[in-house]
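Chains as they are written, first to last, in this note's numbering: chain A, 1 to 399; chain B, 400 to 684.
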């Protein structure tokens, strides 16, 4: 026996001793939870990286909502415990974080994700391997119909259809469509094209630009040359501001509309944000008493995130996600994934931030109160119209 | 003249001058000193931050444009004396070290900013009507400033005693140091001037965009391509490289989709570096 094998044998023994020590506490961990134990709720968002600011808003809304639910006695008599997982604005990190939530923390539900690439990366980890419910709280490009996944943000038709119909009603006939070159803008603009053509309008240009475009001069020139009545744009940050400034100041006579305009984005654009048209599930001036009270309470309790409660940061969707899940759990009288999943299909809230909300049965998406808004020069919004509750055209109910 | 043609010509001039302005600092640090400076984008970012702070808190962006080269130049000087000078013997390690410096600056700003970006109003917000279309005066100013700055630096480097010392130091440090010139300070000052020029560029171009943490980094690849196309060893190489790359991109962007245009520009750069590996100015292989 040489020195190497002796060492090896010793280390095996040490490992055995250590692992038996480790076994001790783990055996306690598997004792069944008592009824009074808090139930863990997974919050997955990007606290670091490019989406860090969205994460800051998401976490504050999650803390606010969970705190509120706990003050009213929790869910089925159990308090909720927030478990945060940082997705790091990176799908690989997000997948690991999601795995930790379902496998180690054994959360009852995961709410979260900022970008669609995160949703795609964590979806199967949570629902298939983890057998856990996943709520995706973001307005996005649509087509998410997987088992155990529930969408609480707006679907493309809920934002696009009323925006385009408004533009057509204003006598706009020719449309220029442009966006950053990835799935979200392409799906949104596909819907725009469909509604424009159905409404008798025409498309005079469609152009996609690289995500990291820093100088939009070429695109500005193309839009100006088109002389379109309306520009529908989904150019994401950092391209948004220089693009819109260029178009407005270059002498564009038409109306500019998009899906990403609100109090979170418009201040970056500056005074050129005046007149930007869009539809969201919430704007600052939404004044029903429920929304007003809750947003005021949020700003007071979370000064670090005051001003970050916006629709483009998905704040209203995060708020309703926890409550819709609570309603489903109480209807199912259980935290069991399959039972809650069945109850989610018809979960609804009489009041939520932005207005009443309910799952549209069979679509895995929500009927949402939507608002037609117009941007002001100071970055604030004016609500042109409360559009009432709009249904999502998703999953079983495609149109 | 047809407004579309006017805008087309203007876009080529404007996009080229913006990239040249961004590359000037890099032409000195990467092109002449041959330091693969991955934090060049963050030197631009620091200039942009200076302009933003002056415009927001002092209400005077002109002051920011004046201070940016001074502040970033001093920062560059200290950076060279503390970190960069240790890596002249090991360019590969310099790549990593400067990348780390850039990352620290970028992410520090990200955690300090409570917004996804901040608009900076241009010092001159007017538009001029030329050929039936509105052109931003600030872009016209940038075209003029870039032209003057490039010619001035070329003149200093080629025609003055100081320029000769700089070129001699970078070409043959041993010979220069036995001639009684301190190469240590020569290197530090050259790096500082490169940094100052990048800071100035950042302050000038931030009104065209918004201030956001990746402002410099997003331009870095294009800047490196310009330097590689232009070739190392001379100031003028990277400048000509930038002009070729940017004008090709701006021209293509008018006729084909910008995404395809970007791919074509990189392909074009690959072909150019294959045909003239030592740079556009030096023939042969």
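Ideal Cβ placement from N, Cα and C applies to all residues, glycine included.
- Three or more beta-carbon pairs drawn from the stretch 89 to 102 of chain A and the stretch 42 to 56 of chain A are found closer than 8 Å, and the two stretches are therefore classed as touching.
- Residue 261 (chain A) counts as buried, since no fewer than 16 other beta carbons sit within 10 angstroms of its beta carbon.
- The DSSP assignment places complete beta strand (DSSP E) segments of no fewer than 3 residues inside the stretch 185 to 240 of chain A at 202 to 209 and 230 to 234, in order along the chain.
- The continuous beta strand (DSSP E) containing residue 535 (chain B) extends over residues 532 to 535.
- Of all residues in the stretch 85 to 97 of chain A, none is placed with a Cβ closer than 8 Å to any Cβ belonging to chain B.
- For residue 55 (chain A), the CB contacts under 6 Å within the same chain, skipping 5 residues up- and downstream, are 45, 46 and 47 in chain order.
- Here residue 139 (chain A) carries a coil assignment [DSSP, helix/strand/coil].
- Look at residue 577 (chain B): its C-beta is not under 8 Å from any C-beta on chain A.
- Here the alpha carbons of residue 274 (chain A) and residue 64 (chain A) stand approximately 32 Å from one another.
- Neighbourhood of residue 225 (chain A) in chain B, by CB distance below 8 Å: 402, 403 and 406, in chain order.
- Neighbours of residue 555 (chain B) in chain A, taken as residues at a C-beta separation under 8 Å, are lacking, since the least C-beta distance is about 29 Å.
- Three or more beta-carbon pairs drawn from the stretch 254 to 271 of chain A and the stretch 303 to 319 of chain A are found closer than 8 Å, and the two stretches are therefore classed as touching.
- The stretch 468 to 480 of chain B makes contact with the stretch 588 to 596 of chain B, as at least three CB pairs between them are under 8 Å.
- Excluding the 5 residues flanking it on each side, residue 409 (chain B) has same chain C-beta neighbours closer than 7 Å at 534, in chain order.
- Per DSSP, residue 147 (chain A) lies in no alpha helix (DSSP H) segment and is marked neither H nor E.
- Secondary structure note for residue 256 (chain A): its beta strand (DSSP E) is the uninterrupted segment 255 to 257.
- The beta carbon of residue 221 (chain A) falls within 8 Å of a beta carbon belonging to chain B, placing the residue at that interface.
- Its chain contains 446, 447, 449, 450, 463, 464 and 467 as the residues whose beta carbon lies nearer than 7 Å to that of residue 602 (chain B), once the 5 sequence neighbours on both sides are disregarded; these appear in chain order.
- For the pair residue 680 (chain B) and residue 630 (chain B), the CB atoms are nearer than the 8 Å cut-off.
- Going by DSSP, residue 266 (chain A) is part of the alpha helix (DSSP H) stretching over 266 to 269.
- Interface criterion not met: the Cβ of residue 392 (chain A) is under 8 Å from no Cβ in chain B.
- CA-to-CA, the gap between residue 324 (chain A) and residue 361 (chain A) works out to about 13 Å.
- Spatial neighbours of residue 335 (chain A) in its own chain (CB-CB distance under 7 Å, excluding positions within 5 residues in sequence) are listed in chain order as 39, 108 and 329.
- For residue 175 (chain A), the three-state secondary structure derived from DSSP is strand.
- As the crow flies, the alpha-carbon of residue 144 (chain A) is around 45 Å from that of residue 671 (chain B).
- Under the Cβ distance rule, residue 516 (chain B) counts among the residues neighbouring chain A, one pair being separated by less than 8 Å.
- Annotated three-state conformation of residue 543 (chain B) is helix, per DSSP.
- Leaving aside the five residues that flank residue 83 (chain A) on each side, the residues in its chain whose CB is nearer than 8 Å to its CB run, in chain order, 40, 41, 42, 43, 101, 105 and 107.
- The beta-carbon separation of residue 569 (chain B) and residue 432 (chain B), rounded to 6 Å, stays under the 8 Å limit for a contact.
- Distance from the Cα of residue 338 (chain A) is smallest, within the candidate group A:142, A:49 and A:147, for A:147.
- Residues are counted here when their Cβ sits less than 7 Å from a Cβ of chain A; for the stretch 641 to 656 of chain B these are 649, 652, 653 and 656, given in chain order.
- Excluding residues up to 5 positions away in sequence, 339, 340, 342 and 343 lie with their Cβ nearer than 8 Å to the Cβ of residue 332 (chain A) in the same chain.
- Of all residues in the stretch 228 to 249 of chain A, only 237, 238, 239, 240, 241, 242, 245, 246 and 249 come within less than 9 Å of chain B when Cβ atoms are compared, listed by chain position.
- In this structure, DSSP gives residue 518 (chain B) an extended state, which the three-state scheme calls strand.
- With fewer than 16 neighbouring CB atoms inside 10 Å of its own CB, residue 490 (chain B) falls in the exposed class.
- One finds 215 and 217 in chain A with Cβ atoms closer than 9 Å to the Cβ of residue 413 (chain B), taken in chain order.
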